[in-house]
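Enquirer: For the sequence shown, this note's numbering gives the first residue as -19, with consecutive numbering after it.
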Amino acid sequence: MPFFPEVSEPIPFEGKASKNPLAFKYYDSQRKIGSKTMSEHLRFSVAYWHTLMGNGQDMFGAPSFVRPWHIAGGDPMDRAKATMDAAFEFFQKLGVKFYCFHDRDIAPEGATFAQTCKNLENMALKAKELQKSTGIKLLWGTANLFSNPIYAHGAATSPDAHVFAHAAAQVKHAIDITHELGGENYVFWGGREGYETILNTNFKHEQEQLARFLHMAVDYKKKIGFKGQFLIEPKPKEPTKHQYDTDAATTLAFLREYDLIDHFKLNIEANHATLAGHTFEHELVVASAVGKLGSVDANRGDLLLGWDTDQFPIDLYSTALAMYIILKQGGLGSGGLNFDAKVRRPSIETVDLFYAHIGGMDAFARGLIIANNMLNDGIFDEFLEKRYSSYRSGFGELIMEGKATLEQAEQFIHENGLPKPFSGRQEYLEKLLNDYIE
Ligand code: XUL
Ligand code: CO
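(1) Taking the straight line between their C-alpha atoms, what separation do you get for PRO1 and GLY205?
(2) Quick check on the DSSP output: the alpha helix (DSSP H) that includes TYR166 runs from which residue to which?
(3) What residues come near ligand 2, if near means a beta carbon less than 5 Å from any of its heavy atoms?
(4) Check each candidate in HIS195, GLN209, ASN251 and name the one with the smallest Cα separation from GLU237.
(5) If you compare alpha carbons, which of HIS258, LEU283, ALA278, GLN209 is closest to LYS272?
(6) Specify, as a first and last residue, the run of the beta strand (DSSP E) that PHE244 falls within.
(7) DSSP three-state label for SER277, please.
(8) For PRO(-8) and GLY376, what's the separation of their Cα atoms in angstroms?
(9) Roughly how many whole angstroms lie between the Cα atoms of PHE24 and ASP140?
(10) According to DSSP, which residues form a beta bridge with VAL427?
(11) For the segment 349 to 358 against the segment 75 to 87, are there 3 or more C-beta pairs whose distance is under 8 Å?
(12) For ligand 1, any of its heavy atoms closer than 7 Å to the Cβ of GLU160?
(13) Which one or two residues does DSSP pair with ASP38 in a beta bridge?
(14) Please tell me whether ALA228 and VAL266 are closer than 8 Å, where the distance is taken between their beta carbons.
(15) Measure the Cβ-Cβ separation of ALA3 and MET64 and say whether it is below 8 Å.
(16) Can you check which of these residues, THR122, ILE157, TYR131, is closest to PHE168 by C-alpha distance?
(17) What three-state label does DSSP hand LEU118 in the structure shown?
(18) Looking at the structure shown, is LYS217 part of a helix, part of a strand, or coil, going by DSSP?
(19) Rounded to a whole number of angstroms, what is the C-alpha to C-alpha distance between LEU264 and ASP357?
(20) Quick one: is the Cβ of GLY171 within less than 7 Å of any heavy atom of ligand 1?
(21) State the beta-bridge partners of LEU211 as determined by DSSP.
(22) Of the residues PRO(-18), ALA145, ASN35, PHE(-17), which one's Cα is nearest the Cα of PRO326?
(23) Would you be able to state if there are at least three C-beta pairs under 8 Å between the segment 330 to 339 and the segment 94 to 112?
(24) Report yes if the CB atom of PHE319 is closer than 8 Å to the CB atom of VAL26, and no otherwise.
(25) Using 7 Å as the cut-off, classify the Cβ of LYS215 as near or not near the heavy atoms of ligand 1, replying yes or no.
(26) What's the gap between the Cα of HIS243 and the Cα of THR231?
(27) Compute every distance between the C-beta of HIS222 and the non-hydrogen atoms of ligand 1, then say whether any falls below 7 Å.
(28) For the alpha helix (DSSP H) that SER268 lies in, which residues bound it at each end?
Below you can see the structure in the form of structure tokens.
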């Protein structure tokens, strides 16, 4: 019995004129954009936690989604197996090549740590078979170090070394499973790695613990020969008040401070950017500028709400600018676009999961087309080229070569007078961007 009977075939590409809501209008997986297909550029991934595990529960109300795979059997392992069958049916029907999970998404916790590990191993065996028979791959795995109450004071940053050890043991096992499943990356997101009040927190100690924890993971990765990319996902707050991996710049500074920079890239999430008071493209460009943009959690927030709403991306300005930055750096490498997004609580039907993902995939496919046209026309690049041209000769060239001194600057100004005002042309450029959005 299929879990998604409303969709019998993989979602087709039908083009812009189609009125079929269960068809792509822009995402044509095999269409070439430059030298790569859309599927190769976009590397879409489904987030197991929202799409398969989400039940519509929020802080004010009970679950609103009745998922047939959650009902199967009384045994949590039977439920986990049914959920995984539903997952792979969904991935195939949607036509995505990747998925992502937390250890606790795919397998239930047992009464002991050993039982929990066993459950995860058993579910990984099933995942391996399904990956093999469908060709669907694991974009990244991660450990859930935030749901269990033992992590209430933090995991790697807990004041209790016993908790640190538990988190480290859990991460070891999650890396093992990710490695076993051929995961292309492994993500660290520290939801509880932060603090609420400085009165009970030794900030420096916690930072050092976090660094030690990550070094231990790097050592283990080398030891077992895991070739996937380690990624850190910044977020400023929620659930903690001050999360240590606040934003891209803070995380990069932390990685440099503790000699971890060579071993990590960043997984940038749109809604985490807005929570940090940044735009999505700001976070992407900060990471990309230093070669550290590794992957993306594709979603959107609500600018009027101060929490992580994790909505599906639909804003073409945002997807176009994101793809512009991604294309400029030559793609995401082993990373991808993971829909860390959930349908709204009243969107209770399983078909809503298809509408949500199709909308997100079409929004990024359009973003890719727009960004590719912007790059090919070269107007934006030409503009930048001219804007900074004074640094290619004369005193500007000296500055860039690191040869200019303050005394020379003084002499230059005496000889050349005051700089002339010029326009930033923001409105011209914004209008130009609009011209690319069809
Ligand atoms: C939480 C979040 C996580 C990470 C993985 O805001 O984004 O789901 O993506 O732990
Ligand atoms: Co995320």
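Cβ coordinates follow ideal geometry from the N, Cα and C atoms, glycine included.
Expert: Result, derived from the coordinates:
(1) By 1-based counting over the sequence shown, the position of residue 1 is 21. By 1-based counting over the sequence shown, the position of residue 205 is 225. Looking at the two C-alpha atoms, the distance is approximately 44 Å.
(2) Mapped onto the sequence shown, residue 166 falls at position 186. Where TYR166 is concerned, there is no enclosing alpha helix (DSSP H), although the beta strand (DSSP E) it sits in stretches over 165 to 168.
(3) GLU249, ASP277, ASP320
(4) Position 257 of the sequence shown, counting from 1, holds the residue named residue 237. Out of HIS195, GLN209, ASN251, HIS195 has the C-alpha closest to the C-alpha of GLU237.
(5) Taking the first residue of the sequence shown as 1, we reach residue 272 at position 292. Taking only the C-alpha atoms, the option nearest LYS272 is GLN209.
(6) Counting from 1 along the sequence shown, the entry for residue 244 is found at position 264. It spans 244 to 249 - the beta strand (DSSP E) in which PHE244 sits, taken as one unbroken run.
(7) Translated into positions along the sequence shown, residue 277 becomes position 297. According to the sequence as given, residue 277 is Asp; it is not Ser. In the structure shown, ASP277 sits in a strand (DSSP, three-state: E or B).
(8) Numbered from its first residue, the sequence shown carries residue -8 at position 12. Numbered from its first residue, the sequence shown carries residue 376 at position 396. Roughly 54 Å between the two C-alpha positions.
(9) Numbered from 1 along the sequence shown, position 44 holds the residue referred to as residue 24. Numbered from 1 along the sequence shown, position 160 holds the residue referred to as residue 140. Straight-line Cα distance between these residues: approximately 39 Å.
(10) Absent from the structure is residue 427, since the part of the chain shown begins at -19 and ends at 418.
(11) no
(12) Residue 160 sits at position 180 when you count from the first residue of the sequence shown. Answer for GLU160: no, Cβ out of range of ligand 1.
(13) Here residue 38 corresponds to residue number 58 of the sequence shown, with the count starting at 1. DSSP, once it has assigned bridges, lists GLY41 as partnering ASP38.
(14) The residue labelled residue 228 in the question sits at position 248 within the sequence shown. The residue labelled residue 266 in the question sits at position 286 within the sequence shown. Contact: yes.
(15) Residue 3 sits at position 23 when you count from the first residue of the sequence shown. Residue 64 sits at position 84 when you count from the first residue of the sequence shown. Contact flag unset, no.
(16) For the purposes of this step, residue 168 is taken as residue 188 along the sequence shown, with counting starting at 1. Nearest of THR122, ILE157, TYR131 to PHE168, Cα basis: THR122.
(17) Translated into the one-based positions of the sequence shown, residue 118 becomes position 138. DSSP places LEU118 in strand when its eight states are reduced to three.
(18) Translated into positions along the sequence shown, residue 217 becomes position 237. LYS217 falls in the coil class under three-state DSSP.
(19) Residue 264 sits at position 284 when you count from the first residue of the sequence shown. Residue 357 sits at position 377 when you count from the first residue of the sequence shown. Roughly 22 Å between the two C-alpha positions.
(20) The sequence position of residue 171 within the sequence shown is 191, counting from 1. Yes, the beta carbon of GLY171 sits closer than 7 Å to at least one heavy atom of ligand 1.
(21) Here residue 211 refers to the residue found at position 231 when the sequence shown is read from its first residue. In DSSP, LEU211 forms a bridge with VAL167, LYS245.
(22) Mapped onto the sequence shown, residue 326 falls at position 346. Selected option, being the one with the closest Cα: ASN35.
(23) no
(24) As a first step, residue 319 must be located in the sequence shown, where it is residue number 339. As a first step, residue 26 must be located in the sequence shown, where it is residue number 46. Yes; because the gap between Cβ atoms is below 8 Å, this pair is in contact.
(25) Within the sequence shown, residue 215 is the residue found at index 235, counting from 1. Flag set: Cβ of LYS215 near ligand 1.
(26) Within the sequence shown, numbered from 1, the residue matching residue 243 stands at position 263. Within the sequence shown, numbered from 1, the residue matching residue 231 stands at position 251. Answer to the nearest angstrom: the Cα atoms are 13 Å apart.
(27) Start at 1 with the first residue of the sequence shown, and residue 222 comes out as number 242. No - ligand 1 has no heavy atom lying nearer than 7 Å to the Cβ of HIS222.
(28) Taking the sequence shown and counting its residues from 1, one reaches residue 268 at position 288. Where SER268 is concerned, the enclosing alpha helix (DSSP H) stretches over 260 to 269.
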